[in-house]
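Residue numbers (the working numbering): -7 to 200.
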């Protein structure tokens, strides 16, 4: 009878060992699963470097336009005549912008971004009116320098429109990635949606 008891005791020991192993593995799997499930709360914040790069491309076009505008003013002022008011409007608009030139990070918030873009739009409108009037002035309209500046300004405006659209698309993707973050994400409270040129344009059009 004794050998049977020993065999039974060994079987119970092996069973206990097996059950203990199952429990350990189950606990380990549950722990790993809890870590995987909790990863979303510690997701890395979306990188806005692409947004800043896209905005820098827009600012580069605005800077190129500013240089051409100063050349246009220098050409038109001596012969302004009846167009002096328009030349003055462009001069003032450009001077206002020179005072608020900002880097991409400074334009991350809605209010400074909107203020800056409204000023750029006002300068663009003033340039358009001045180019029309100067083109009708026989003394300036036939000047090869004026024709070259007008062509270059038109090219810059087209490039600026393309870069603004690219920026808006980049911001749309960035803002969507923010919306996809769980509310419990560590970095979520510090992240803000980036403004778009599209919204500024829509606001300006409603005010017209």
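Beta carbons are placed, not taken as given, at the ideal position from N, Cα and C, and that holds for glycine.
Query, Result
"What number of angstroms, rounded off, separates the C-alpha of residue 120 from the C-alpha of residue 40?", "34 angstroms"
"With distances taken between CB atoms, is the gap from residue 162 to residue 42 smaller than 8 angstroms?", "yes"
"In whole angstroms, give me the CA-to-CA distance for residue 164 and residue 88.", "29 angstroms"
"So what's residue 96 in DSSP terms, helix, strand or just coil?", "helix"
"Please name the residue, chosen from 111, 173, 68, that lies closest to residue 128 on a Cα-to-Cα basis.", "68"
"Along the chain, where does the alpha helix (DSSP H) that runs through residue 104 open and close?", "102 to 128"
"How far does the alpha helix (DSSP H) with residue 158 in it reach, from first residue to last?", "136 to 171"
"Are the CB atoms of residue 100 and residue 190 nearer to each other than 8 angstroms?", "no"
"In three-state DSSP terms, what is residue 70?", "helix"
"Excluding sequence positions up to five away, which residues of its chain have a Cβ less than 6 angstroms from the Cβ of residue 48?", "96"
"Could you tell me if residue 226 is buried or exposed, where buried requires 16 or more neighbouring beta carbons within 10 angstroms of its beta carbon?", "Outside the modelled stretch of the chain, which goes from -7 to 200, sits residue 226, for which no answer is possible."
"Select from 63, 152, 171, 71 the residue whose C-alpha is nearest the C-alpha of residue 132.", "71"
"By the three-class DSSP mapping on this structure, what secondary structure does residue 188 have?", "coil"
"Cutting at 8 angstroms between CB atoms, please list the residues of its own chain near residue 197, excluding the five before and the five after it.", "none"
"Roughly how far, in whole angstroms, is the beta-carbon of residue 50 from the beta-carbon of residue 152, given that I think they are within contact range, below 8 angstroms?", "6 angstroms"
"For residue 199, count the other beta carbons within 10 Å of its own beta carbon; 16 or more makes it buried, fewer makes it exposed. Which is it?", "exposed"
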